[in-house]
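Colleague:
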Amino acid sequence: MVYVRHVFREENKIANGLTKMMFSRLLRNHIYMEPPKEVLQLLHDD
Numbered sequence: 002m003v004y005v006r007h008v009f010r011e012e013n014k015i016a017n018g019l020t021k022m023m024f025s026r027l028l029r030n031h032i033y034m035e036p037p038k039e040v041l042q043l044l045h046d047d
């Protein structure tokens, strides 16, 4: 059985922040060993 649920950007701030960061820097296939500083606050708030 598969369940599909829509998640608003406001509810998924970390994924949204990473997406914005990738598009603004035009990075492709980058692996992070630590959270980028741009999303550290989002991780803390979540």
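Numbering-wise (my numbering), the sequence shown opens with residue 2 and increments by one. Think of the CB as a built atom: it goes at the ideal place given N, C-alpha and C, for glycine as much as any other residue. Just so you know, these numbers come straight off a predicted model, no measurement behind them.
#1: Measure the alpha-carbon distance for S25 versus M2 and round it to whole angstroms.
#2: For a quick check, are the C-beta atoms of P37 and L44 less than 7 Å apart?
#3: In whole angstroms, give me the CA-to-CA distance for N13 and V40.
#4: Can you name the start and end residues of the alpha helix (DSSP H) that H45 belongs to?
Modeller: Straight from the coordinates:
#1: Spanning the two alpha carbons is a distance of roughly 37 Å.
#2: no
#3: 12 Å
#4: For H45, the enclosing alpha helix (DSSP H) starts and ends at 38-46.
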